[in-house]
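Report on the structure given below.
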Amino acid sequence: MARFEIVFQGKVQPGIPEDQARARIGQLFQVAGEQLDALFSGRRIVIKQGLDEEAAAKYRAAIERAGALCSIDPMDAPEAPAAEPSQPIPVQQPGTTNDSHGKRLVPRDEYMAAFADVEAPDFEIAPLGADLQDEYADVTPLPIDLSALSLAPAGSDMGELKREVPDIVPDISHLKLQDE
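Under full-length UniProt numbering, the residues of the sequence shown are numbered 1 to 180, in order.
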C-alpha cells in the first residue's frame with residue numbers, strides 16, 4: 001500500500017491575500033506566531049506523513065479551502081540499485097573543498113547554504129588513554145585567617161542538640177500477682 005506525505009511550502013492560491021491565507025492556515029492547524037511564520041517561510045515542511053491516498057486528499061482539500069497550496073508526495077522512494085565500486089576512492093571527495101580554517105562541504109540545498117559560513121571547531125579523536133582535561137592552573141592560597149575555626153572529632157553529631165527526655169515509669173502499684 002502506497003504511503004504519502006503532505007508537503008507545505010508556504011505558497012498561497014492565486015487571488016487570495018496572503019494574510020487571509022495565513023490566518024486560515026493558522027486556524028486550521030491551531031498555530032500562531034513563530035510556528036505560523038515557520039510554515040510560511042518558503043521551506044519544504046512535511047505536515048503529515050504515512051497517509052493513505054484518501055486521507056492525503058482530505059488534507060489537501062482542507063489546505064486548499066484555507067487558501068494555500070500543498071503537494072502530496074509518495075513516501076516510498078524506489079530503491080536505487082547498488083553501484084559496484086569500479087574506481088578507487090579519490091583522496092579528496094567530490095563536494096568538499098579545503099579551506100585555511102578546515103574542511104568545508106558544499107551545501108546540499110538552499111536551507112543548508114545558510115549555514116555555510118558558520119565557523120565550527122575542527123575536533124579530532126584523541127588517542128586511547130589520552131588525558132582530555134585541560135592543564136591544571138597553579139592555585140595560590142588566599143590569605144584567610146582560619147584560627148577561629150575548630151574541627152569536630154570524627155563520628156560526632158553535627159546536628160541539633162538532643163533534649164534529654166526523662167524516662168516515664170508507669171505506676172503499677174495497684175497490680176498484684178496471685179498463685180492459685
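The beta carbon of each residue, even a glycine, is placed where N, CA and C say it ideally should be.
For clarity, every value in this text was computed on a predicted model and none was experimentally measured.
Using a Cβ-Cβ cutoff of less than 7 Å, which residues in the same chain neighbour residue i once the five nearest sequence positions on both sides are dropped?
| i | result |
| --- | --- |
| F40 | G10, R22 |
| K48 | E5, I6, Y59 |
| I144 | none |
Please return the same chain residues whose Cβ sits closer than 6 Å to the Cβ of residue i, not counting the five positions on each side in sequence.
| i | result |
| --- | --- |
| I25 | A66, A68 |
Assuming residue i contacts residue j (C-beta within less than 8 Å), just tell me the rounded distance between them.
| i | j | result |
| --- | --- | --- |
| M75 | F4 | 6 Å |
| I45 | A56 | Not really, about 15 Å apart at Cβ, beyond 8 Å. |
| A62 | L28 | 6 Å |
| F8 | C70 | 5 Å |
Closest to residue i by CA distance: which of the options is it?
| i | options | result |
| --- | --- | --- |
| R43 | Y136, A114, P166, D167 | A114 |
| E54 | R108, A38, A2 | A2 |
| I16 | E34, E64, A148 | E64 |
Taking 7 Å as the cut-off, is the beta-carbon of residue i closer than that to any non-hydrogen atom of the ligand MG?
| i | result |
| --- | --- |
| V7 | No copy of the ligand MG appears in this structure; indeed no ligand is present at all. |
In chain order, what are the residue ranges of uninterrupted alpha helix (DSSP H) at least 4 long that sit wholly in the segment 24 to 81? 34 to 39, 53 to 65
Mind listing, in chain order, the continuous beta strand (DSSP E) runs of no fewer than 3 residues lying wholly within the segment 97 to 169? 102 to 105
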